[in-house]
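*Asks:* In the working numbering, the protein residues as written are 40 to 271. A virtual CB, placed ideally from N, CA and C, is assigned to each residue, including glycine. Pasting a structure below so you can have a look.
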DNA sequence: GCCAACGTTGGC
DNA sequence: GCCAACGTTGGC
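Given below as structure tokens:
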């Protein structure tokens with residue numbers, strides 16, 4: 040459910056710049072509590088700290104998986120459909136990944152750096168799975184849709200002087216050589232869980248519902264290698 | 001459309 | 001701060 044069809048061209052010229060965004064930080068993660076973790080050293084806003092995501096998983100992940108729905112669905116009166124084909128036809132094949140309303144997912148987006156790669160994952164649809172590749176072309180800044188009453192992901196609890204939600208800009212890179220279905224990833228996940236292998240802890244299976252998730256280099260490479268293999 | 005998983009909210 | 005109720009995600 041992330042992005043909307045919003046065009047990015049505007050994003051680039053948008054008035055909201057990274058500066059504003061700055062990480063809305065104050066918002067500090069209420070969410071984190073959930074996992075009990077709360078690490079984030081108090082106060083340390085900068086996240087340059089990093090290299091460890093909040094679940095402590097591996098170190099600096101530099102690859103990502105981002106979910107979006109390729110089929111029409113109305114939310115708050117608005118169609119949230121945004122598949123990889125929709126990204127591809129935007130000016131510059133670039134769009135903003137708006138609409139993320141989950142703290143963990145948001146925090147992962149705030150960790151993203153320009154140039155990193157992400158899989159475009161189709162969710163909540165007939166054939167869920169990885170459809171293509173994109174790259175991060177603009178780091179986290181304020182998601183303006185949180186203030187827009189007409190938007191599918193309007194958040195009345197977010198205040199302009201302390202925005203809760205961020206987004207990044209992504210650019211279409213290419214379709215995967217073949218669609219990599221969730222079912223296939225799951226088979227590998229189970230297999231790897233039993234006997235070892237790169238997908239044994241893949242977030243897609245260990246963290247249900249997380250719409251923006253990190254991949255280790257091993258996970259990313261393995262999944263990409265499936266492009267050249269026959270489906271199992 | 002169903003429903004399991006799990007995040008969020010709010011009463012206490 | 002706990003936890004039950006509620007809401008959302010997303011596979012099937």
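1. Which residue wins for smallest C-alpha separation from residue 127, given the options 102, 117, 170?
2. Under 8 Å, with one C-beta from each stretch per pair, do the region 181 to 195 and the region 101 to 111 reach the 3-pair mark?
3. Give the straight-line distance between the Cα atoms of residue 232 and residue 221, rounded to the nearest whole angstrom.
4. Roughly how far, in whole angstroms, is the beta-carbon of residue 244 from the beta-carbon of residue 226, given that I think they are within contact range, below 8 Å?
5. Could you check the C-alpha separation between residue 255 and residue 100 for me, to the nearest Å?
6. Quick check: the region 115 to 127 against the region 256 to 270, are at least 3 beta-carbon pairs closer than 8 Å?
7. Tell me where the alpha helix (DSSP H) around residue 229 begins and ends.
8. Buried or exposed for residue 248, going by 16 or more other Cβ atoms inside 10 Å?
9. With a threshold of 16 other CB atoms inside 10 Å of the CB of residue 146, please say whether the residue is buried or exposed.
10. Using alpha carbons as the reference points, say which of 265, 134, 175 lies closest to residue 223.
11. How should residue 107 be labelled, buried or exposed, when 16 other C-beta atoms within 10 angstroms of its C-beta is the threshold for buried?
12. Roughly how many angstroms lie between the CA atoms of residue 214 and residue 172, to the nearest whole one?
13. If contacts are defined as beta-carbon pairs under 8 Å, then residue 174 and residue 157 qualify, I think. What distance do you get, rounded to the angstrom?
14. Taking only the alpha-carbon atoms, compute the straight-line gap between residue 184 and residue 135 and give it to the nearest angstrom.
15. Out of 258, 228, 182, 208, which has the shortest C-alpha to C-alpha gap to residue 141?
16. What are the boundary residues of the alpha helix (DSSP H) that includes residue 199?
17. In three-state DSSP terms, what is residue 255?
18. Could you tell me the distance, in whole angstroms, from the CA atom of residue 230 to the CA atom of residue 237?
19. Which term fits residue 250, buried or exposed, when burial requires 16 or more other beta carbons within 10 angstroms of its beta carbon?
*Replies:* The answer reads as follows:
1. The sequence position of residue 127 within the first chain is 88, counting from 1. If we check each option's Cα against that of residue 127, 170 comes out closest.
2. no
3. Here residue 232 corresponds to residue number 193 of the first chain, with the count starting at 1. Here residue 221 corresponds to residue number 182 of the first chain, with the count starting at 1. Rounded to the nearest angstrom, the two C-alpha atoms are 16 Å apart.
4. On the first chain, position 205 is the one that residue 244 refers to. On the first chain, position 187 is the one that residue 226 refers to. Actually they do not touch by this definition, with Cβ atoms about 11 Å apart.
5. By 1-based counting over the first chain, the position of residue 255 is 216. By 1-based counting over the first chain, the position of residue 100 is 61. For residue 255 and residue 100, the distance between alpha carbons rounds to 5 Å.
6. no
7. Here the question's residue 229 lines up with position 190 in the first chain. 221 to 234 is the extent of the alpha helix (DSSP H) around residue 229.
8. Reading the first chain from its first residue, position 209 is the one you call residue 248. Exposed is the call here.
9. For this step, residue 146 is matched to residue 107 along the first chain. Result: buried.
10. As a first step, residue 223 is located in the first chain; it is residue number 184 there, counting from the start. Taking only the C-alpha atoms, the option nearest residue 223 is 265.
11. As a working note, residue 107 is residue 68 in the first chain. It counts as buried.
12. If you number the first chain from 1, residue 214 lands on position 175. If you number the first chain from 1, residue 172 lands on position 133. Distance between the alpha carbons of residue 214 and residue 172 is about 6 Å.
13. Counting from 1 along the first chain, the entry for residue 174 is found at position 135. Counting from 1 along the first chain, the entry for residue 157 is found at position 118. The pair is a contact, with the Cβ atoms about 7 Å apart (cut-off 8 Å).
14. Residue 184 sits at position 145 when you count from the first residue of the first chain. Residue 135 sits at position 96 when you count from the first residue of the first chain. Distance between the alpha carbons of residue 184 and residue 135 is about 11 Å.
15. As a first step, residue 141 is located in the first chain; it is residue number 102 there, counting from the start. With distances taken between Cα atoms, residue 141 lies closest to 182.
16. What you label residue 199 is simply residue 160 of the first chain in a count that begins at 1. Where residue 199 is concerned, there is no enclosing alpha helix (DSSP H), given that its DSSP letter is neither H nor E.
17. Position 216 of the first chain, counted from the first residue, corresponds to residue 255. Coil at residue 255, not helix or strand.
18. Here the question's residue 230 lines up with position 191 in the first chain. Here the question's residue 237 lines up with position 198 in the first chain. So the two alpha carbons sit approximately 10 Å from each other.
19. Looking up residue 250 in the first chain gives position 211. Buried: at least 16 other Cβ atoms inside 10 Å.
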